[in-house]
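Colleague: Read top to bottom, the protein sequences are chains A and B. Each number in our numbering comes from the position in the first sequence (counting from 1) with 21 added on. Each number in our numbering comes from the position in the second sequence (counting from 1) with 21 added on.
2 protein chains.
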Amino acid sequence: MRERDLIARIRSHNAALDGVPGLDVPVPPGDDMALVRFGDGHVLVAADQVIEGRHFLRDTPMDLVARKAIARNVSDVAAMAAVPRATVATAALPRGMVDQDVEALADGLRRWAAHWGCPMVGGDVGVHAGDGPLVVSVSILAQPGPTGRVITRAGAAAGDLLCVTGALGGSLAPDGRGRHLTFEPRVGPALALAAELGDRLHAMIDVSDGLARDAGHLAAAAGRAVEVDPSRVPCTHGTGWQGALADGEDHDLAFACAGPPPAAVGGVPVTVVGRFVAHAPGAPLVVAIDGARRIPADDAGWEHRT
Amino acid sequence: MRERDLIARIRSHNAALDGVPGLDVPVPPGDDMALVRFGDGHVLVAADQVIEGRHFLRDTPMDLVARKAIARNVSDVAAMAAVPRATVATAALPRGMVDQDVEALADGLRRWAAHWGCPMVGGDVGVHAGDGPLVVSVSILAQPGPTGRVITRAGAAAGDLLCVTGALGGSLAPDGRGRHLTFEPRVGPALALAAELGDRLHAMIDVSDGLARDAGHLAAAAGRAVEVDPSRVPCTHGTGWQGALADGEDHDLAFACAGPPPAAVGGVPVTVVGRFVAHAPGAPLVVAIDGARRIPADDAGWEHRT
C-alpha cells in the first residue's frame, strides 16, 4: 500500500468518532488539529513526528532536527489560527548516538518549544534495541486565539479566493538541507488574518503536502472545487510553478476568503492564486488554469502529466 | 551514557521551566503527567512510546502493541488520580509491514483508546526510509477527577504508609509475553482511593520502573526516605520478592497515605508494604528491611547485593 493511501485510510477511520460516548470534539480528526472540550473551555491537540531518513538526513545538526519536530507542530497550530500553549515529546534514539547529540536534541526541543510559546512539559526517551533511526514525536496543545474562533479546513464557499502567504516550492533541497529545516511557522500571520478578515476568513490549512494537494483538501472539506492559476503562485527563488504547486513541506498558509485579502499580514506577503467554485460530481477537485487549458491537478504528480 | 542516566539528565533539564514567561504549570515535568492551566481549567498531559525490540518483540500481535502503547499512557493518568479524555498518536512503520498489520495497529490504537475513555483524535503515520523498527508514540490528555485534586509524586510525610495495589513482579516474561502487554491501568482504583482517602492520600505513582525505584521516586519527591518490608510485598504467581521489588512495567499503583488504607479499591487488593521516614543527609532513600538487616535498595540491581 502506498504511504499516502495508508494515511488516507487511517485518517478516514479516525474521523469515525460518532460512537464514542461522552466525547465532545467540535473539530474531529482530519483537520490540522482536533478541538476537544475540557470543562468550560476547549483544547486543540495534534501530533506529528520526524523520522531520520524521511524528514531529515543523518548528518542534519540536532538543533535543526529539534527545530523541525517542533515547527511542524506549531505550523498546525497556525493553520487553525490558534495559539501554541504546551508540547510533549518522545524520542527513540539510535544505539550509537553520542551524548553530545542527545543533549543537543533535548536542548533544541526545549529551546524551540519555548521560543514558540509552547514549552515542553513532559515526554519520554528510549534507545533502540538494535539498529534503528532517530524518531522524534511531538504533540502540541493550543488554545483558540483572541477571536475565540478556530479556522478549520472546511468552509470555503463558491466564489471565495484561494490565497497563500509567503512563497512556495523547493523547501526540501536535494542535499537534505533547505527551508524545511528553517521555515517560520505562520502563527502571527494566521492570528492577524483571523482578526483582520473576521467572518470573511472561511477556511485555512498549512501547505505541507504541496499547494495542489492542500488546496484540494480545502476543496474536499467544503464540497467545492478549486481553480488555481499557476502563473500567480509565488515561487521561492529558483523554483518553477510546478515545484511551487507540487512540492511539500512549505508550511506557509493557504486559505479561503470572501473578497480581497490584505496585501500582507505580519510582514508576510499574501497572494491570490485561485478561487473556489461549485464542484460537479466526478469532476476534479483541483484544476490548474494554464491559459486556455484546464489541467486536472488532483493529488500528487499532476505536474508529470502536463 | 546509560539510558537511565540519560533519562534522568533530560528529566532534570525539563524540570527547569521557571524561566518561561507566561507559563502556568502547577505540576511541572518530572511527575507522571504535567498539569497546564487552560483558561479557567486545567489539562493534564503526558507522552510515552513503545519501541519494537525494547517494549515488545517483533512477533507481538499488533493489537497487543496498540494496547500497551495506550495502556502505558492511561496508567500515567491513573497515577495522578485523573480521568483520561483524549489521545493522539504517531507511528513510524517498518518498510515491510504488511497492510493487515498496519490496519490492526490502527484499529487497536483506536479501540483501546476509546475503551479507556480517551478516544484518539489525531496523529500521524510515516514509513521508515530504510530498515527501522516500529515506534508508536502516544500522548494523552486528562482532566482532574471529581475531587478536583491531582495526586502528584510529592507529598509523603514521615509516618505515612507505603501501599501498593494488586501484585508485582514478573510482568515481562522471558519470551516477551506477559502482563506488560495485558495489564489493566488502575484508573478506577486511583479515583476510588482519592475519593475514599481524601486528604489522607499524600502521593502516588504507577510502578513502571520496579517498586524499589518508584518508591524511591516518591521518597525523593518528598524529601523523605522509605522503608520497605519485602516479606509484605504482594508477588505475582511465580515471582519472588526480589522480582516484585525490582521488576518494572507492573503498572500497579504505589501510594503514600496517612493511616490505614482500605483493604481493596475497585476490586483490587491494597497492601501496606512499608512506611516513609525522615531522610538523613547521605542516607539511602530506600531501605529494605530483611529481619534485622537494613539493606540499601536505592536504584536498580540492589537485589544482586543481597
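Cβ atoms here follow ideal geometry from the backbone N, Cα and C, with glycine treated the same way.
(1) Cβ atoms of R253 of chain B and V291 of chain B: under 7 Å apart, would you say?
(2) Give the DSSP-derived three-state secondary structure of D52 of chain A in the structure shown.
(3) Within 7 Å (strictly less), CB to CB, does V298 of chain A reach chain B?
(4) With distances taken Cα to Cα, identify the nearest neighbour of P210 of chain B among B:G287, B:P140, B:S192.
(5) Quick check on DSSP: helix, strand or coil for V307 of chain A?
(6) Within the same chain, show all residues whose beta-carbon is closer than 6 Å to that of Q164 of chain B, passing over the 5 residues directly before and after it, in chain order.
(7) Under 8 Å: do the region 308 to 320 of chain B and the region 236 to 256 of chain B share three or more Cβ pairs, one atom per stretch?
(8) Are L193 of chain A and H201 of chain A close, meaning C-beta to C-beta below 7 Å?
(9) Starting from P210 of chain A, trace the alpha helix (DSSP H) in both directions and tell me its first and last residue.
(10) Look at the alpha carbon of R131 of chain B and the alpha carbon of M118 of chain A, and state the distance between them as a whole number of angstroms.
(11) Can we say the region 225 to 240 of chain B touches the region 147 to 160 of chain B, given the rule of at least three CB pairs closer than 8 Å?
(12) Go through its chain and collect everything with a Cβ distance to G264 of chain A's Cβ below 6 Å, but skip five positions before and after it.
(13) How many Å lie between L162 of chain B and R207 of chain B at the Cα?
(14) Do the region 50 to 70 of chain B and the region 140 to 147 of chain A touch if we need at least three Cβ pairs shorter than 8 Å?
(15) Beta-carbon within less than 6 Å of L214 of chain B's beta-carbon, same chain only, minus the 5 sequence neighbours each way: which residues are those?
(16) How long is the line joining the alpha carbons of P302 of chain B and D319 of chain B, rounded to whole angstroms?
(17) Go ahead and pull the three-state DSSP assignment for S158 of chain B.
(18) Less than 6 Å between C-beta atoms, sequence neighbours within five positions excluded: which residues of the same chain meet that for V86 of chain B?
(19) Given that a residue counts as buried once 16 or more other Cβ atoms are within 10 Å of its Cβ, and exposed if not, what is D196 of chain B?
(20) Under 6 Å Cβ to Cβ from P255 of chain B, same chain only, skipping five residues before and after it: list those, please.
(21) Which residues bound the beta strand (DSSP E) around D227 of chain A?
(22) Quickly, what does DSSP pair H258 of chain B with across the bridge? List them, please.
(23) Have a look at A224 of chain A and V185 of chain A and give me their C-alpha separation to the nearest angstrom.
(24) Taking the beta carbon of G244 of chain B as the centre, do at least 16 other beta carbons fall within 10 Å, making it buried, or is it exposed?
(25) At a CB distance below 7 Å, what residues from the region 162 to 179 of chain A approach chain B? Give them in sequence order.
(26) Report yes or no: is there a C-beta of chain B within less than 7 Å of the C-beta of G144 of chain A?
(27) For the alpha helix (DSSP H) that contains A21 of chain A, what are its first and last residues?
(28) Thinking just about the alpha-carbon of each residue, which of B:G219, B:H258, B:T111 is nearest to the one in P281 of chain B?
(29) Going along chain A in order, which residues have a C-beta closer than 8 Å to the C-beta of R106 of chain B?
(30) Quick check for students: name the residue ranges of the beta strand (DSSP E) that lie wholly in the region 61 to 117 of chain B, counting only runs of 3 or more.
(31) Based on the DSSP secondary-structure assignment, which residues constitute the bridge partners of A163 of chain A?
(32) Give me, in chain order, the residues of the same chain whose beta-carbon lies closer than 8 Å to that of A20 of chain B; leave out the 5 immediate sequence neighbours on both sides.
(33) Return yes when the Cβ of D53 of chain B is within less than 7 Å of the Cβ of M101 of chain B, no when it is not.
(34) Name the residues in the region 93 to 124 of chain A whose C-beta lies less than 7 Å from a C-beta of chain B; which are they?
(35) Could you list which residues in chain A have their beta carbon closer than 8 Å to that of G62 of chain B, in chain order?
(36) Are the C-beta atoms of V86 of chain A and some chain B residue less than 7 Å apart?
Modeller: The answer reads as follows:
(1) Reading the second sequence from its first residue, position 270 is the one you call residue 291 of chain B. Reading the second sequence from its first residue, position 232 is the one you call residue 253 of chain B. Their beta carbons are not under 7 Å apart, which means V291 of chain B does not touch R253 of chain B by this criterion.
(2) Translated into positions along the first sequence, residue 52 of chain A becomes position 31. Here D52 of chain A sits in strand by DSSP.
(3) Locating residue 298 of chain A in the first sequence gives position 277, counting from the first residue. For V298 of chain A, the answer is no, since every Cβ of chain B falls outside 7 Å of its Cβ.
(4) Sequence index remark: in the second sequence, residue 210 of chain B carries index 189 (1-based). The candidate whose alpha carbon is nearest that of P210 of chain B is B:G287.
(5) Locating residue 307 of chain A in the first sequence gives position 286, where the first residue counts as 1. Strand at V307 of chain A.
(6) Sequence index remark: in the second sequence, residue 164 of chain B carries index 143 (1-based). Result list for Q164 of chain B: V104, R106, in chain order.
(7) yes
(8) The residue given as residue 193 of chain A occupies position 172 in the first sequence. The residue given as residue 201 of chain A occupies position 180 in the first sequence. Going by C-beta atoms, L193 of chain A is nearer than 7 Å to H201 of chain A.
(9) Numbered from 1 along the first sequence, position 189 holds the residue referred to as residue 210 of chain A. Looking at the DSSP string, the run of the alpha helix (DSSP H) that includes P210 of chain A is 208 to 218.
(10) Taking the first residue of the second sequence as 1, we reach residue 131 of chain B at position 110. Taking the first residue of the first sequence as 1, we reach residue 118 of chain A at position 97. Looking at the two C-alpha atoms, the distance is approximately 33 Å.
(11) no
(12) By one-based count along the first sequence, residue 264 of chain A stands at place 243. The answer, listed in chain order, is G190, G191.
(13) Residue 162 of chain B sits at position 141 when you count from the first residue of the second sequence. Residue 207 of chain B sits at position 186 when you count from the first residue of the second sequence. Cα to Cα, the separation comes out at about 16 Å.
(14) yes
(15) Locating residue 214 of chain B in the second sequence gives position 193, where the first residue counts as 1. Cβ neighbours of L214 of chain B beyond the five flanking positions: L222, V286.
(16) Within the second sequence, numbered from 1, the residue matching residue 302 of chain B stands at position 281. Within the second sequence, numbered from 1, the residue matching residue 319 of chain B stands at position 298. Between P302 of chain B and D319 of chain B, the C-alpha separation is close to 14 Å.
(17) Reading the second sequence from its first residue, position 137 is the one you call residue 158 of chain B. Here S158 of chain B sits in strand by DSSP.
(18) The count along the second sequence starts at 1 and reaches residue 86 of chain B at position 65. Counting only Cβ-Cβ distances below 6 Å, and skipping sequence neighbours, we find F77.
(19) What you label residue 196 of chain B is simply residue 175 of the second sequence in a count that begins at 1. With fewer than 16 other Cβ atoms within 10 Å, it is exposed.
(20) One-based indexing of the second sequence puts residue 255 of chain B at position 234. Here the set comprises A188, T292.
(21) The residue you call residue 227 of chain A lines up with position 206 of the first sequence. Residues 222 to 227.
(22) On the second sequence, residue 258 of chain B is found 237 positions in, with the first residue counted as 1. According to DSSP, which records beta bridges pairwise, H258 of chain B is partnered with nothing at all.
(23) Within the first sequence, the letter at position 203 stands for residue 224 of chain A. Within the first sequence, the letter at position 164 stands for residue 185 of chain A. Roughly 12 Å separates the two Cα atoms.
(24) Residue mapping note: residue 244 of chain B aligns to position 223 of the second sequence, counting from 1. Exposed.
(25) L162, Q164
(26) Your numbering for residue 144 of chain A matches position 123 in the first sequence. Answer yes: the Cβ-Cβ gap between G144 of chain A and chain B drops below 7 Å somewhere.
(27) Absent from the structure is residue 21 of chain A, since the part of chain A shown begins at 22 and ends at 327.
(28) The residue labelled residue 281 of chain B in the question sits at position 260 within the second sequence. When only C-alpha atoms are compared, the closest one is B:G219.
(29) Against the second sequence, residue 106 of chain B aligns to sequence position 85. Here the neighbours are V57, F59.
(30) 62 to 72, 103 to 114
(31) Taking the first residue of the first sequence as position 1, residue 163 of chain A is located at position 142. DSSP output for A163 of chain A lists A:L65, A:P105 as bridge partner(s).
(32) The structure shown does not extend to residue 20 of chain B, since chain B is modelled only from 22 through 327, so no value can be given for it.
(33) Locating residue 101 of chain B in the second sequence gives position 80, where the first residue counts as 1. Locating residue 53 of chain B in the second sequence gives position 32, where the first residue counts as 1. Cβ atoms of M101 of chain B and D53 of chain B: closer than 7 Å.
(34) R106, A107, V109, A110, T111, A113, D120, V123
(35) For the purposes of this step, residue 62 of chain B is taken as residue 41 along the second sequence, with counting starting at 1. By Cβ distance, chain A contributes F59, G60, D61, G62.
(36) For the purposes of this step, residue 86 of chain A is identified with residue 65 of the first sequence, where counting begins at 1. No, no contact with chain B.
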